[in-house]
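Asks: Be aware that the sequence shown starts at 3, since it is given in the numbering used here, and climbs by one per residue.
Each residue gets a CB set at the ideal place from its N, CA and C atoms; glycine is no exception.
Pasting a structure below so you can have a look.
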Amino acid sequence: MTSTTSPTDLAPVPLVDLAAQHAEVAAEVAAGWDQVLARTAFVGGPQVAAFEAEFAAYLGVDHVLGVANGTDAIELALRALDIGPGDECLLPANTFIATAEAVVRAGATPVLVDCVEDTLLMDPAALSGAVTGRTRAVLPVHLYGQCAELEKIAPIAASVGAAVVEDAAQAQGARRNGRAAGTIGEIAATSFYPGKNLGAYGDAGAVMTNDAALAASVRLLREHGSPRKYEHTELGFNSRLDTLQAVVLSAKLRRLEGWNTDRRAAAARYDELLAEVDGVVRPVVADGNLPVWHLYVVRVPRRDEVLAALHAVGIGAGIHYPTPLHLTGAFEHLGLRKGSFPVAERTAGELLSLPLFPEITEQQQQRVVAALRGVSHP
Ligand SMILES: Cc1ncc(COP(=O)(O)O)c(C=O)c1O
């Protein structure tokens with residue numbers, strides 16, 4: 003920090019700021035909600051179908067099925083593929099717990115694989131060594147807003163007859179070699195958790211697929227296994243996209259490209275500002291990717307110390323994620339010790355997510371970088 007700072011220089015910088023986005027869509031959301039409230043039709047209805055169609059057109063995929071949240075979306079995708087007990091599903095050790103949770107909830111067994119050192123995405127070489135005759139699905143996670151290397155992953159999955167189930171929760175609008183995240187595997191899942199690039203005002207999610215049979219299965223499963231009222235052909239769930247959330251998502255979808263462009267500009271500015279800060283490893287974008295920077299994650303030595311110092315001066319940095327899945331209590335039963343996934347384990351202690359949202363200002367970013375420089379070289 004310099005001695006010539008003004009009060010605005012010292013204003014806190016949050017990790018994510020959803021207020022500006024809300025201001026932009028507030029009138030549209032209010033008008034849409036008034037219509038829903040006037041009709042008192044809170045479940046289903048034209049708003050949900052409209053959002054599904056708009057999101058499908060935006061992504062370039064045949065079917066979007068709105069569901070209650072991203073974790074359900076993954077589970078429903080797996081169940082539509084008829085995956086259950088005895089089946090193995092491969093996923094990265096360095097993801098949010100929901101990816102693995104959904105596998106367990108479907109009754110299948112999660113098998114973890116390590117990530118690539120520079121991009122932190124699923125390592126195709128590690129995947130190749132982990133597939134077996136029991137592998138039924140591979141779940142690449144498009145971590146932090148860039149796609150995993152699907153053209154390397156898909157043939158490995160296909161070699162054992164497994165499906166690719168994309169976890170696109172962090173990658174709405176991201177592209178790989180021109181194709182949208184969530185449209186490349188057999189089926190995909192996303193989350194509209196409020197902080198996501200396309201975020202609802204509560205929990206929401208969706209399943210995407212070009213396969214009509216899988217879409218039909220998810221449609222049935224999300225609605226109590228019911229093709230028609232009080233007719234239940236199988237045991238399903240109550241996992242529907244809330245009508246009020248569909249209104250929010252349609253309003254925000256119209257702005258998503260612009261917001262993602264702003265995120266890319268902010269990421270480019272961090273790249274530039276951080277080039278002069280020793281000891282900070284900047285994020286790497288894999289060839290062929292157009293990222294959407296859900297998170298801008300650097301790596302630093304003495305991370306916990308750096309994080310505490312940033313918090314002390316009002317910078318809302320975070321960690322995504324502090325503990326690889328096999329070292330969490332929830333997955334202790336897998337019996338995987340420390341050392342099982344060296345890249346995921348080493349990098350977990352270095353990761354630092356810097357504040358990033360479409361409306362972040364140059365001044366805010368300069369403040370983040372100045373604070374980081376101060377703690378890197380006290
Ligand atoms: C990679 C990943 N997968 C799955 C999920 C689960 O989504 P949700 O919180 O909507 O259940 C999230 C987000 O929280 C996520 O970041």
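Does DSSP classify Thr4 as helix, strand or coil?
Replies: For the purposes of this step, residue 4 is identified with residue 2 of the sequence shown, where counting begins at 1. Note that Thr4 has pLDDT 43, beneath the 50 cutoff, so the model's placement of it is unreliable and the number below is only indicative. Three-state result, Thr4: coil.
Asks: In or out: Ala373 buried (at least 16 other Cβ within 10 Å) or exposed?
Replies: Position 371 of the sequence shown, counted from the start, is the residue given in the question as residue 373. Buried, since its Cβ has 16 or more Cβ neighbours within 10 Å.
Asks: What do you get for His65, buried or exposed, if any count of 16 or more other CB atoms within 10 angstroms of its CB means buried?
Replies: Counted from its first residue, the sequence shown places residue 65 at position 63. Its Cβ being crowded by 16 or more others within 10 Å, His65 is buried.
Asks: Would you tell me roughly how many angstroms separate the C-alpha atoms of Arg81 and Glu307, rounded to the nearest one?
Replies: Taking the first residue of the sequence shown as 1, we reach residue 81 at position 79. Taking the first residue of the sequence shown as 1, we reach residue 307 at position 305. If you take the alpha carbons of Arg81 and Glu307, they lie about 43 Å apart.
Asks: For ligand 2, any of its heavy atoms closer than 8 Å to the Cβ of Phe98?
Replies: Ligands present in the displayed structure are limited to ligand 1, and ligand 2 is not among them.
Asks: Does at least one heavy atom of ligand 1 sit under 8 Å from the Cβ of Phe194?
Replies: Here residue 194 is taken as the residue at index 192 of the sequence shown, counted from 1. Phe194 Cβ: within cutoff of ligand 1.
Asks: Can you tell me whether DSSP reads Ile386 as helix, strand or coil?
Replies: Missing from the structure shown is residue 386; the chain here goes from 3 to 380 and no further.
Asks: Do Ala208 and Ala75 have their CB atoms nearer than 9 Å?
Replies: Here residue 208 corresponds to residue number 206 of the sequence shown, with the count starting at 1. Here residue 75 corresponds to residue number 73 of the sequence shown, with the count starting at 1. Closer than 9 Å, so yes.
Asks: What are the complete alpha helix (DSSP H) segments, minimum 4 residues, inside the stretch 254-340?
Replies: Segments of the alpha helix (DSSP H) lying fully in the stretch 254-340: 305-314.
Asks: Throw me the rounded Cβ distance for the His296 and Gln172 pair, which I believe falls under 8 Å.
Replies: Stepping through the sequence shown from its first residue, residue 296 is reached at position 294. Stepping through the sequence shown from its first residue, residue 172 is reached at position 170. With a Cβ gap of about 4 Å, His296 and Gln172 count as contacting.
Asks: Run the CB neighbour count on Gly34, radius 10 Å, all protein chains shown included, and call it buried at 16 or more, exposed below.
Replies: Counting from 1 along the sequence shown, the entry for residue 34 is found at position 32. So Gly34 ends up on the buried side.
Asks: Pull up the distance between the alpha-carbon of Cys91 and that of Ala13, whole angstroms please.
Replies: Stepping through the sequence shown from its first residue, residue 91 is reached at position 89. Stepping through the sequence shown from its first residue, residue 13 is reached at position 11. Rounded to the nearest angstrom, the two C-alpha atoms are 45 Å apart.
Asks: Under the criterion of a Cβ to heavy atom distance below 8 Å, does Asn71 qualify as lining ligand 1?
Replies: Residue mapping note: residue 71 aligns to position 69 of the sequence shown, counting from 1. Correct: Asn71 has its Cβ closer than 8 Å to ligand 1.
Asks: I want to see whether chain B comes within less than 9 Å of Val371, judged by CB atoms only; does it?
Replies: The structure shown contains no chain B, having only a single protein chain.
Asks: What are the complete alpha helix (DSSP H) segments, minimum 4 residues, inside the stretch 101-133?
Replies: Entirely contained in the stretch 101-133, the alpha helix (DSSP H) runs reaching 4 residues are, in chain order, 126-132.
Asks: If you run the structure through DSSP and keep just helix, strand and coil, what is Leu186?
Replies: Along the sequence shown, one-based indexing puts residue 186 at 184. Sequence inspection shows Ile at residue 186; the Leu mentioned does not correspond to that position. If DSSP states are grouped into helix, strand and coil, Ile186 belongs with coil.
Asks: Over the uninterrupted beta strand (DSSP E) stretch that includes Val140, give me the two end residues.
Replies: On the sequence shown, residue 140 is found 138 positions in, with the first residue counted as 1. 137-140 is the span of the beta strand (DSSP E), which, as asked, contains Val140.
Asks: Kindly list the residues whose CB is nearer than 6 Å to the CB of Glu119, restricted to its own chain and excluding five residues on each side of it in sequence; keep chain order.
Replies: Numbered from 1 along the sequence shown, position 117 holds the residue referred to as residue 119. If we look at Glu119 and ignore the five residues flanking it on each side, its Cβ neighbours are Val345.
Asks: Helix, strand or coil: how does DSSP classify Val166 here?
Replies: Here residue 166 refers to the residue found at position 164 when the sequence shown is read from its first residue. Correct three-state label for Val166: strand.
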